[in-house]
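A short write-up of the structure that comes next.
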Ligand code: ADP
Ligand code: MG
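Numbering (this note's numbering), first residue to last: 1223 to 1664.
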């Protein structure tokens, strides 16, 4: 079945140029009409939009791969929840890298303070997007399996079941954002979802600088913005160092963390989504600490590729291997949002530089996933629509609501697919080379 590589070439005929132009126009128009959009930044108009980069055709994906990735979502979410609530484990993961990573250390200090103080708000919401690439398990690509790239626990685009999150009825949901940013239309979809659930729930958008000016706290640690209590704080911002240019931003994050508002996510869950945790979870016996069901452990493990710490006694072996064959690895720091990982020559040069220094403990090495190649056309500025070799990334969305002692809700809620040219290292939708795609199940 999955010997098919292209919807256009295997199921139809290669397009004639005049038909291609017509299709591009229609598909682009459809994208605009249906809100598949991104904001154009750097103009004086905050609401200028353009269509999101997309593929012209859906991409072929074996149905059993999608089924497997979806079926594991609730287990992955339980895992993140348990990790975030296991202080000893968090310490084991992070203690070795804090001196080498100032940003993670500052988040860690917020986490330690609120952990010591105990929660003001017991309820916590996690929205995740678990990213996979597909690898062929047989020579001719006849069978594929999904391998985890990473699970995003902060600022993952996707929907939240906002209706069940409210405590005070007049309170609002606060979207912490950057204005303007390419992802604004994506956030508007979530606001629309909230509106469709219950028209009385108000969503407000604020940046960190606005919040620093407008935030106060009530007698019972209510988070108050512009005189209105915030029920839920939903972060689409605050995950990279440049979002915290001064101490005021870290202080704001700490204050919000200490408040009665429900955080999506808490700083603990933010940290639990770090690459370091992902790496430690692949070490022998670690999944067993959090999950009893051996079948689930086996399935989760089958999505892992090799992940390696660089600060172990025997790390020099894997470091040497990566320097010799950089094309087989990805070097990752504790960062989100794309553009931080090192590949190829950059990876080799950087490893040469840090291999003897303590700085290496801030990074992890990951086997490069040998993603199954197929063919599609990308419609995006700066890239022609010719039929090219591409690889796809599947994202599974989920929502998890809990208290420290109880999982209240845990469900998978959809998927997305991003497709990039085979030769691109990273493929962000807004900054990278990828186009939004949709699976054609076979
Ligand atoms: P970020 O948190 O910055 O999004 P990711 O770990 O998701 O970092 O990596 C960014 C991109 O780099 C991925 O979307 C994928 O395209 C590519 N990538 C990351 N890890 C791997 C890997 N192990 N093999 C192949 N490609 C990878
Ligand atoms: Mg990512």
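We put the beta carbon where it would ideally sit given N, CA and C, even for glycine.
Item                                                                                                                                                                  : Value
Can the beta-carbon of residue 1345 be found less than 8 Å from the beta-carbon of residue 1446?                                                                      : no
For residue 1647, which residues of its own chain have a beta-carbon under 7 Å away from its beta-carbon, when the five flanking residues on both sides are left out? : 1565
Taking DSSP as the reference, what is the three-state secondary structure of residue 1499?                                                                            : helix
Can you give, in chain order, each stretch of the alpha helix (DSSP H) that sits fully within the region 1261-1304 and has at least 4 residues?                       : 1285-1293
Shorter than 7 Å, the distance from the beta carbon of residue 1557 to the closest heavy atom of the ligand GTP, or not?                                              : Questions concerning the ligand GTP fall outside what the structure shown contains, since the ligands it does hold are the ligand ADP and the ligand MG.
Any idea what DSSP makes of residue 1453, helix, strand or coil?                                                                                                      : strand
According to DSSP, what are the bridge partners of residue 1354?                                                                                                      : 1370, 1616
In whole angstroms, give me the CA-to-CA distance for residue 1463 and residue 1578.                                                                                  : 25 Å
Does the beta carbon of residue 1611 fall short of 7 Å from some heavy atom of the ligand ADP?                                                                        : no
As an exercise, report each continuous beta strand (DSSP E) stretch of at least 3 residues that is fully enclosed by the region 1585-1657, in chain order.            : 1586-1589, 1596-1601, 1609-1625, 1628-1643
Alpha carbon to alpha carbon, how far is residue 1318 from residue 1303?                                                                                              : 22 Å
Have a look at residue 1659 and residue 1434 and give me their C-alpha separation to the nearest angstrom.                                                            : 38 Å
Taking the beta carbon of residue 1653 as the centre, do at least 16 other beta carbons fall within 10 Å, making it buried, or is it exposed?                         : exposed
In the DSSP assignment, find the beta strand (DSSP E) that holds residue 1554 and state where it starts and stops.                                                    : 1551-1554
Considering only the alpha carbon of each residue, which of 1589, 1616, 1533 lies closest to residue 1285?                                                            : 1616
Does at least one heavy atom of the ligand MG sit under 7 Å from the Cβ of residue 1374?                                                                              : yes
Suppose you measure from the CA of residue 1341 to the CA of residue 1480; what does that come to, to the nearest Å?                                                  : 7 Å
Looking only at its own chain, which residues have a Cβ that is under 8 Å from the Cβ of residue 1610, when we skip the five neighbours before and after it?          : 1597, 1598, 1599, 1600, 1643, 1644
Flag residue 1491 as yes when its Cβ comes closer than 7 Å to any non-hydrogen atom of the ligand MG, and as no otherwise.                                            : no
Between the Cα of residue 1282 and the Cα atoms of 1560, 1327, 1613, which residue gives the shortest distance?                                                       : 1613
For the ligand ADP, is there a heavy atom less than 7 Å away from the beta-carbon of residue 1648?                                                                    : yes
Indicate the three-state DSSP secondary structure (helix, strand or coil) for residue 1259 in the structure shown.                                                    : strand
Would you mind reading off the limits of the alpha helix (DSSP H) that contains residue 1473?                                                                         : 1469-1480
With H, G and I counted as helix, E and B as strand and the rest as coil, what does DSSP make of residue 1234?                                                        : coil
What first and last residue would you give for the beta strand (DSSP E) that runs through residue 1326?                                                               : Premise fails: residue 1326 lies in the alpha helix (DSSP H), 1324-1339, not in any beta strand (DSSP E).
Please identify the residue among 1337, 1501, 1269 whose C-alpha is closest to the C-alpha of residue 1405.                                                           : 1269
Tell me which same chain residues have a C-beta within less than 7 Å of the C-beta of residue 1625, skipping the five on either side of it?                           : 1344, 1345
Let's see if you can read the secondary structure: which residues bound the beta strand (DSSP E) around residue 1401?                                                 : Run containing residue 1401: none; DSSP gives neither H nor E here.
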